[in-house]
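Report on the structure given below.
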Amino acid sequence: MAEISKTISNLPSVMIYEMLWSRMVFLRKWLNSKLIHGNLDEKQFCLRKFLHLYKTLLDNVTKVYNILAIQALLELVYYFVTLLADVHSAIMLVISKGIWDIPLSILIISLINFLLLLIGPVFLELTLNEYEKLMSLISTELIHCKDEAYREQILTTLEYLEVRPPRYTIWRIISMDLKQVVSVFDLLVTYIIILLSFQL
């Protein structure tokens, strides 16, 4: 029952990451369609509107994310400790019995915990991928631009995007992308080796 409630408590943050990613996909597709088929006035209007929508999206996610930072840290610590304990106990079972006789419940719970640890950073990595596509799209528009006022507007948009990428951290210490998963995996391997060296 505790595992089910822990899984459900993780859903709001995952939903926020997924909504951010889906909005970024929508913004990129919308801007791409307007930049391809629009005249100069429409392009200028759409670029201003895009910048406003992007700013509003990041403002709203940042407000909510500041609330979720504590939960994200607690989830990270919880999943790290449970994965460490599960993997250590599984290795100790293998060492003591000499065969791979790991209980299915430990295996399933460990996989669920790993997936829950992975899903938020995956959505944030997808969001960063959309951000890079947006930067590429707007940079391409800058290359093809001939109007000076529109060029200035594109440069302003690019500067804003560079200053404010959709990157999130836990108190500016732990990055919330796939680097977090790699770091957790590295720490997990290190601590398992340390625990096993004390056991043997």
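If you count the sequence shown from 1, position 91 lands on 91 in UniProt numbering, and the numbers rise without skipping. Just so you know, even glycine gets a beta-carbon here, dropped at the ideal spot from N, CA and C.
Nearest residue (CA-CA) to residue i, options the options
i	options	result
G120	Y79, I95 and W30	Y79
C145	Y160, Y17, Y131 and L35	L35
V81	T190, C46 and L20	T190
E148	S13, S33 and D41	D41
E159	S139, I174, M176 and S175	S139
G38	H52, E141 and L161	E141
L187	H52, L118, L84 and I143	L84
Cβ separation of residue i and residue j, assumed to be a contact under 8 Å, to the nearest whole Å
i	j	result
I8	V87	Contact flag wrong, Cβ pair sits at about 24 Å.
L58	R167	Not really, about 10 Å apart at Cβ, beyond 8 Å.
T157	L47	6 Å
V64	I16	6 Å
L124	M176	5 Å
Residue range of the unbroken alpha helix (DSSP H) whose run includes residue i
i	result
Y78	L40 to K97
residue 232	Since the first residue shown for the chain is 1 and the last is 200, residue 232 is missing from the structure and cannot be characterised.
Proximity test, residue i beta-carbon vs the ligand FAD heavy atom, cut-off 8 Å
i	result
K179	No copy of the ligand FAD appears in this structure; indeed no ligand is present at all.
Contact between the region 20-28 and the region 128-147: three or more CB pairs below 8 Å? yes
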